[in-house]
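Residue numbers (our numbering): 975 to 1080.
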């Protein structure tokens, strides 16, 4: 986003979605819960007529990622989740490095 061409709008990059940038896995692993007030604040600020998108690399995704905080999915029907753990709307591969192809077996 910071390296976009001048005049580029948010929708030019993210389409109909408004991105929600949250370090979900850091919060879930380090703190064991989302910060106090974070989920109620999201519920209050997110508009029902807008689509939002977020990405989580946590194996339990956004809704189950923090042990001390469980988020009911029905509370956020317009939050589209891409998740490396598969707990979301679209599973994405969790890749940490380039892998070389294996040699062909005889």
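The beta carbon of each residue, even a glycine, is placed where N, CA and C say it ideally should be. Keep in mind that this is a model prediction, so the values were computed, not measured.
Sequence-distant residues of its chain with Cβ nearer than 7 Å to residue i (five each side left out)
i: residue 1026; result: 991, 992, 994, 1020, 1052, 1053, 1054
Three-state secondary structure (DSSP) of residue i
i: residue 991; result: strand
i: residue 1056; result: strand
i: residue 1065; result: strand
i: residue 1016; result: helix
i: residue 1025; result: strand
i: residue 1044; result: coil
Residues near residue i in its chain [Cβ-Cβ closer than 8 Å; skip 5 each side]
i: residue 988; result: 1027
i: residue 1077; result: none
Residues near residue i in its chain [Cβ-Cβ closer than 6 Å; skip 5 each side]
i: residue 1037; result: 1045, 1047
i: residue 1018; result: none
Residue i - partner residues in DSSP beta bridges
i: residue 1030; result: 1057
Per-residue burial, residue i [other beta carbons within 10 Å of its own, 16 or more giving buried]
i: residue 976; result: exposed
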